[in-house]
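Colleague:
2 protein chains.
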Amino acid sequence: MAVIAQRQGDHRPALHFTPRTGFMNDPNGLVYTKGVWHLYYQLDDQQLVAGRPEWGHATSTDLLHWKRHEKAIKAPSEHESIWSGCCVLDCNNTSGQFDESTGPDDRIVAIFTLHTQGHQTQNVAFSSDGGYTFTGHKHNPVLDIGWADFRDPKVLWHAPSNQWVMVVAKCHQFKIGFYSSPDLIHWHHLSDFEGSGVRGYQYEMPNLVQVPFDDDNQRKKWVLFLSVGPGAPLGGSFTQYFLGEFDGTIFTSDDHYLRTADLGKDWYAAQTWFNSPDGQAYGIGWASNWQYCNRVPAERYRSAMSLPRKFSIREVPLNEATKSLSLISRPVDLNIVRMASDDMPIAFTHGSANVKPSTEVIYQRHMRGSGSFEFKLKIKSGTSSAGVLVDIANPSGHSVRLDFVVEREGMFISMDRGGIRTGSSWHHPLFDDKVCMWVPNTQSIYDVHVIVDAYVCELFAMDGAYAFTNTFFLQDGVASILSVSQDTAGTEVFDVHELCPLQRDR
Amino acid sequence: MAVIAQRQGDHRPALHFTPRTGFMNDPNGLVYTKGVWHLYYQLDDQQLVAGRPEWGHATSTDLLHWKRHEKAIKAPSEHESIWSGCCVLDCNNTSGQFDESTGPDDRIVAIFTLHTQGHQTQNVAFSSDGGYTFTGHKHNPVLDIGWADFRDPKVLWHAPSNQWVMVVAKCHQFKIGFYSSPDLIHWHHLSDFEGSGVRGYQYEMPNLVQVPFDDDNQRKKWVLFLSVGPGAPLGGSFTQYFLGEFDGTIFTSDDHYLRTADLGKDWYAAQTWFNSPDGQAYGIGWASNWQYCNRVPAERYRSAMSLPRKFSIREVPLNEATKSLSLISRPVDLNIVRMASDDMPIAFTHGSANVKPSTEVIYQRHMRGSGSFEFKLKIKSGTSSAGVLVDIANPSGHSVRLDFVVEREGMFISMDRGGIRTGSSWHHPLFDDKVCMWVPNTQSIYDVHVIVDAYVCELFAMDGAYAFTNTFFLQDGVASILSVSQDTAGTEVFDVHELCPLQRDR
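Protein chains in written order, with the numbering used here: chain A, 1 to 506; chain B, 507 to 1012.
#1: Using a C-beta to C-beta distance shorter than 7 Å, which residues of chain B count as neighbours of A/Trp438?
#2: Give the DSSP bridge partners of B/Tyr788, in chain order.
#3: Between A/Val88 and chain B, is there a C-beta pair that is closer than 8 Å?
#4: On the criterion of 16 or more Cβ atoms from any shown chain inside 10 Å, does A/Glu407 qualify as buried, or is it exposed?
#5: Is it right to say A/Arg302 is buried, meaning 16 or more other beta carbons lie within 10 angstroms of its own, or is it exposed?
#6: Pair every Cβ in the segment 655–668 of chain B with every Cβ in the segment 305–316 of chain A, then say whether three or more of these pairs are closer than 8 Å.
#7: First and last residue of the beta strand (DSSP E) that includes B/Gly903?
#8: Can you tell me which of the three DSSP states A/Gln173 falls into?
#9: Compute the Euclidean distance between the alpha carbons of A/Leu325 and A/Arg314, then round it to the nearest angstrom.
#10: Would you identify the three-state DSSP class for A/Pro160, choosing helix, strand or coil?
#11: Alpha carbon to alpha carbon, what distance is there between B/Leu764 and B/Gln746?
#12: What is the rounded straight-line gap between the Cα of B/Leu569 and the Cα of A/Gly177?
#13: Could one say the Cβ of A/Glu458 lies closer than 8 Å to chain B's Cβ atoms, at least one of them?
#14: Select from A/Ala281, A/Val31, A/His57, A/Lys34 the residue whose C-alpha is nearest the C-alpha of A/Arg219.
#15: Residues bridged to B/Asn629 by DSSP?
#16: Tell me, please, whether the CB atom of B/Phe780 is closer than 8 Å to any CB atom in chain A?
#17: Leaving out five residues before and five after A/Arg20 in sequence, what residues of the same chain have Cβ atoms less than 7 Å from its Cβ?
#18: I'd like the span of the beta strand (DSSP E) that includes B/Val1002, first residue to last.
#19: Counting along the chain, where does the beta strand (DSSP E) carrying B/Thr975 start and finish?
#20: Would the beta-carbon of B/Trp589 fall within 8 Å of that of B/Pro559?
#21: Assign B/His856 to one of two classes, buried (16 or more other C-beta atoms within 10 Å of its C-beta) or exposed (fewer than that).
#22: Just the C-alpha distance for B/Phe744 and B/Cys592, rounded to the nearest angstrom, thanks.
#23: Would B/Leu831 pass as an interface residue toward chain A - the criterion being a Cβ-Cβ separation below 8 Å?
#24: Does the distance from the C-beta atom of B/Pro736 to that of A/Glu409 stay below 8 Å?
#25: Looking at the C-beta of B/Gly642, does it have a partner C-beta in chain A at a distance below 8 Å?
#26: Helix, strand or coil for B/Val843? Go by DSSP, reduced to three states.
#27: If we count Cβ pairs, one from each stretch, closer than 8 Å, do we get three or more for the segment 365–385 of chain A versus the segment 480–491 of chain A?
#28: Does the pairing of the segment 533–544 of chain B with the segment 612–631 of chain B give three or more beta-carbon distances under 8 Å?
#29: Report yes if the C-beta distance between B/His522 and B/Asp938 is below 8 Å; otherwise report no.
#30: Give a yes or no on contact between the segment 165–184 of chain A and the segment 260–271 of chain A, applying the rule of three or more CB pairs nearer than 8 Å.
#31: Between the alpha carbons of A/Ser444 and B/Trp663, how many angstroms are there, rounded?
#32: On the DSSP bridge assignment, give the partners of A/Ile379 in chain order.
#33: Assuming A/Leu208 contacts A/Val168 under a Cβ cut-off of 8 Å, what Cβ separation, rounded to an integer in Å, is found between them?
#34: My output table needs one value for B/Asp658: the three-state DSSP class, helix, strand or coil.
#35: In terms of DSSP beta bridges, what is A/Phe431 paired with?
#36: Buried or exposed for A/Pro212, please, with buried defined as at least 16 other CB atoms from any protein chain shown within 10 angstroms of its CB.
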């Protein structure tokens, strides 16, 4: 039952960031400065499975085109590794570690976990060149409570209390520690947040951020992201979040309901960017799952990030009686990568309600083979079992399938990513071949936006109220054929675009 | 995409209760009296999909052999239906509805939801013959708050406050209403419990019960079961539970963590028996899921109950630092149905750690074809990826597969119930072909008990700390071949028994 690396196919995602070689997991150190979005990430470039991570580094000016750089932070010895953490812009030199020759926007401080066998501590490193090279603080660690599982610091500047605030996972105690500092070096314990929802095996990757409301950008809500796994419902790892208040000392959750940031299997370790230029909340997740991340097909590297997302807050109806304040997730603006030609919006309304299931293709489009495209659907809500079927196929006829099954109370969205009908995809006992989510029937139309990029499929429904990110691994090349069938009237397929980066750095 | 009824195969489960004809869902009215366990259930005997339920009825003296009876409660008109509810034994005639000619142990009162379009009310009916026939109260409903979704009353006698207490779902408001009554007829609102964990689309089927501790039967804990769906993580319906205190007025949850009563897809609407003879907590769930219950293969009837379970409370380690008070689930004693012949316990320890994956069968056993059997495994915990593979096959070679994948931090248990390798099972977009759970590595041995019965597989791990119930639908007959392979040393297969009821009532 031991599983070895398998063929990943020829294509990398066009828009989803991937490392050049090695095993990638959590996004780290997300910071924006001087027009550049920095993405660091857990990287073991010596093997294709999780091992001894350091910080890989990439930058982008638009969150869609990424340029890879040299490793930003390396382990000081072979017995140590650099686990997850964050970066902040210390423009006011609170740390006292920068001199006047370093411009305020170049003063980047990384706060990260140094891991040794049986011991994890929080450490800092300083960059005077805007995040490309770092020097470790001479008095590291800056925070050590003597624990084996104490990691993943995320730091923000809390203006009302004029201090830096760190959230960090006390993983096996199921607590999120809150610490404060005037200088990023001396840390003081503020409080512990106990969380609710799923505990699983451990807490990881907390992220505290203020997120604007959808209808009022000036109004914001504190969101605490928390990654949990293994032991999520049905086995793997996932990202939950809490909405609440933070007073500079204590985070108080509004309620104790489980809120899931993405209902798919492959969106973990979510983090947000420090210092976004417009004050909005931008974030990214790792598009894999500890249930199978070491086993999925791979040749030179393993795993991708999700597309960056812009988050907001909105009330979402759960049924006709109850609304719930929720995190809204939308992919960043894709306009610059939408191909201009052959891009006429397509609307299709089927006239007959008696079409045989799955037999009539109402819309088919052949792409140029990049494996990267998007489409949108509007599906009429209804009272009877009916729906829409989307096949995403490659030229060999191998496909993944999305089924939208409309029922009275809501719509199930099922993804068959295991090629069960065709045997066309990669299998593993721990890789769920079917994944399913559910959207309640609270509006007359279900809106769906799907982005397919090599082996990553991100689906957003109800204007970002539901996100559903799942990987899939087709045999014989990436998908380039989109087919949509339906067995009820009223579905529209539109905004079908091939997505093509202007410059690829593969 | 419309799905019609499909072949169920020749075999019903031998031990899991099934209705003779029609569509069954929630267990109702669980009550024990005069040596008889009564099981009522939601039944539409006119069709194979959920429709207009009434109360079916079956009885057992051992929780394994069931005798079906006439419908116990029928809808008074075609515009009404009898939804879920409970029974209590009113031996002291608190209701005043029984005369002296009715023995105390024959005085059964049913409290159930009467459903009409847009309106649900709580109603009572009385049985003077120990639960076989019921007469509706002349002043029904006994509880009406004018709501469309207000249902599933479960009543217990709360001795300290000398009153009947009802828990009932305010489904779309995500509240559990607590009501009290001196006589089962006049009900007074006590409080609402808001719950935590998953909300999904709605709350259903609350059940409040005192459950004894594993190591001290005199010490008990209040457990509030709550069924939720659709909208459970990954789409369907499931049963969560809360541990807490109940003072006769208010239920207070000990904490706000999500606790899942069964990690499989097919254990919903759990209820416990009123008046169990030994004061222990016995319960049962519906072995299906609203994600696909109307679509699974069926000919004359659809769906089964789980095996009855005995519940207890025990601290379960989540990792090396944290224990969690948890519901322990064990199947009722199967000794009387274990076949006597060919029943020598079998222990097998493999000597080599270098066996090729999936190639060496360490144990194989052919059953007699009833489709009902059990086995136990002891799997050594470890630090590397390795594991055990169990094939449960029918004579045509079609099989479902259980994979036990041992990792450093725990063990994944995956069930391939879609016949992905062989195409041997029923498929549907909404039927998850792979299901997976996770057990943390907190002991040197993982113990597993699996019961297979036609199309229901119930798995219990770590002495009842984890339950995992899933249906599967093999082509060409029930399973009768058990094969176990491993790729590491130290697994034991033992207590392999065919299970055969003494008298079958199919």
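For each residue, glycine too, the CB sits at the ideal point set by N, CA and C.
Modeller: The answer reads as follows:
#1: For the purposes of this step, residue 438 of chain A is taken as the residue at position 438 of the first sequence. Result: Pro736, Gly737, Gly741.
#2: The sequence position of residue 788 of chain B within the second sequence is 282, counting from 1. Answer is B/Lys816.
#3: Numbered from 1 along the first sequence, position 88 holds the residue referred to as residue 88 of chain A. Judged by the 8 Å Cβ criterion, A/Val88 is not in contact with chain B.
#4: The sequence position of residue 407 of chain A within the first sequence is 407, counting from 1. Residue environment: A/Glu407 is assigned as buried (16 or more neighbouring CB atoms within 10 Å of its CB, all protein chains considered).
#5: Here residue 302 of chain A is taken as the residue at index 302 of the first sequence, counted from 1. A/Arg302 is buried by the Cβ-count criterion.
#6: Contact fails: fewer than three Cβ-Cβ distances are below 8 Å.
#7: Position 397 of the second sequence, counting from 1, holds the residue named residue 903 of chain B. Membership of B/Gly903 in any beta strand (DSSP E) is not indicated, and neither H nor E is assigned to it by DSSP.
#8: Here residue 173 of chain A is taken as the residue at index 173 of the first sequence, counted from 1. A/Gln173 falls in the helix class under three-state DSSP.
#9: The residue labelled residue 325 of chain A in the question sits at position 325 within the first sequence. The residue labelled residue 314 of chain A in the question sits at position 314 within the first sequence. Going from the Cα of A/Leu325 to the Cα of A/Arg314 covers about 6 Å.
#10: Translated into positions along the first sequence, residue 160 of chain A becomes position 160. For A/Pro160, the three-state secondary structure derived from DSSP is helix.
#11: Stepping through the second sequence from its first residue, residue 746 of chain B is reached at position 240. Stepping through the second sequence from its first residue, residue 764 of chain B is reached at position 258. Computed Cα separation, rounded: 7 Å.
#12: Within the second sequence, residue 569 of chain B is the residue found at index 63, counting from 1. Within the first sequence, residue 177 of chain A is the residue found at index 177, counting from 1. Those two C-alpha atoms are separated by around 49 Å.
#13: Residue numbering aside, residue 458 of chain A sits at position 458 when the first sequence is read from its first letter. Interface with chain B (8 Å Cβ-Cβ cutoff): A/Glu458 is excluded.
#14: Counting from one through the first sequence, the residue named residue 219 of chain A turns up at place 219. When each option's Cα is compared against that of A/Arg219, the closest is A/Ala281.
#15: Your numbering for residue 629 of chain B matches position 123 in the second sequence. According to DSSP, B/Asn629 bridges with B/Phe618.
#16: Here residue 780 of chain B refers to the residue found at position 274 when the second sequence is read from its first residue. No - not a single Cβ of chain A is within 8 Å of the one on B/Phe780.
#17: Numbered from 1 along the first sequence, position 20 holds the residue referred to as residue 20 of chain A. Beyond the five residues adjoining it in sequence on each side, A/Arg20 comes within less than 7 Å, by CB distance, of Arg68, Tyr301 in the same chain, given in chain order.
#18: Residue mapping note: residue 1002 of chain B aligns to position 496 of the second sequence, counting from 1. Taken as a continuous stretch (DSSP letters only), the beta strand (DSSP E) holding B/Val1002 covers 998–1004.
#19: Taking the second sequence and counting its residues from 1, one reaches residue 975 of chain B at position 469. First-last of the beta strand (DSSP E) with B/Thr975: 972–977.
#20: Within the second sequence, residue 589 of chain B is the residue found at index 83, counting from 1. Within the second sequence, residue 559 of chain B is the residue found at index 53, counting from 1. Against a cut-off of 8 Å, the Cβ pair of B/Pro559 and B/Trp589 comes out as a contact.
#21: To locate residue 856 of chain B, count along the second sequence from 1; it is residue 350. Any reading at B/His856 needs caution, since the residue's pLDDT is 41, under 50, leaving its predicted position unreliable; the model's value is listed next. With 16 or more Cβ atoms within 10 Å of its Cβ, B/His856 is classed as buried.
#22: As a working note, residue 744 of chain B is residue 238 in the second sequence. As a working note, residue 592 of chain B is residue 86 in the second sequence. Straight-line Cα distance between these residues: approximately 20 Å.
#23: Against the second sequence, residue 831 of chain B aligns to sequence position 325. For B/Leu831, the answer is no, since every Cβ of chain A falls outside 8 Å of its Cβ.
#24: In the second sequence, residue 736 of chain B corresponds to position 230, counting from 1. In the first sequence, residue 409 of chain A corresponds to position 409, counting from 1. Contact: yes.
#25: Residue numbering aside, residue 642 of chain B sits at position 136 when the second sequence is read from its first letter. Cβ-Cβ to chain A under 8 Å: no for B/Gly642.
#26: As a working mapping, residue 843 of chain B is identified with position 337 in the second sequence. For B/Val843, the secondary structure class from DSSP, reduced to helix, strand or coil, is helix.
#27: Yes: the two stretches touch, three or more of their Cβ pairs being nearer than 8 Å.
#28: In short, these stretches touch, since the Cβ pair count reaches three.
#29: Counting from 1 along the second sequence, the entry for residue 522 of chain B is found at position 16. Counting from 1 along the second sequence, the entry for residue 938 of chain B is found at position 432. Annotated as distal: B/His522 and B/Asp938, with beta-carbon spacing of 8 Å or more.
#30: The segment 165–184 of chain A vs the segment 260–271 of chain A: no contact.
#31: Here the question's residue 444 of chain A lines up with position 444 in the first sequence. Here the question's residue 663 of chain B lines up with position 157 in the second sequence. Taking C-alpha positions only, A/Ser444 is separated from B/Trp663 by approximately 45 Å.
#32: If you number the first sequence from 1, residue 379 of chain A lands on position 379. According to DSSP, which records beta bridges pairwise, A/Ile379 is partnered with A/Tyr446.
#33: On the first sequence, position 208 is the one that residue 208 of chain A refers to. On the first sequence, position 168 is the one that residue 168 of chain A refers to. Not a contact, Cβ separation roughly 10 Å.
#34: Here the question's residue 658 of chain B lines up with position 152 in the second sequence. Assigned with DSSP and collapsed to three states, B/Asp658 falls in strand.
#35: Here residue 431 of chain A refers to the residue found at position 431 when the first sequence is read from its first residue. A/Phe431 pairs with nothing; no bridge assigned.
#36: Looking up residue 212 of chain A in the first sequence gives position 212. So A/Pro212 counts as buried.
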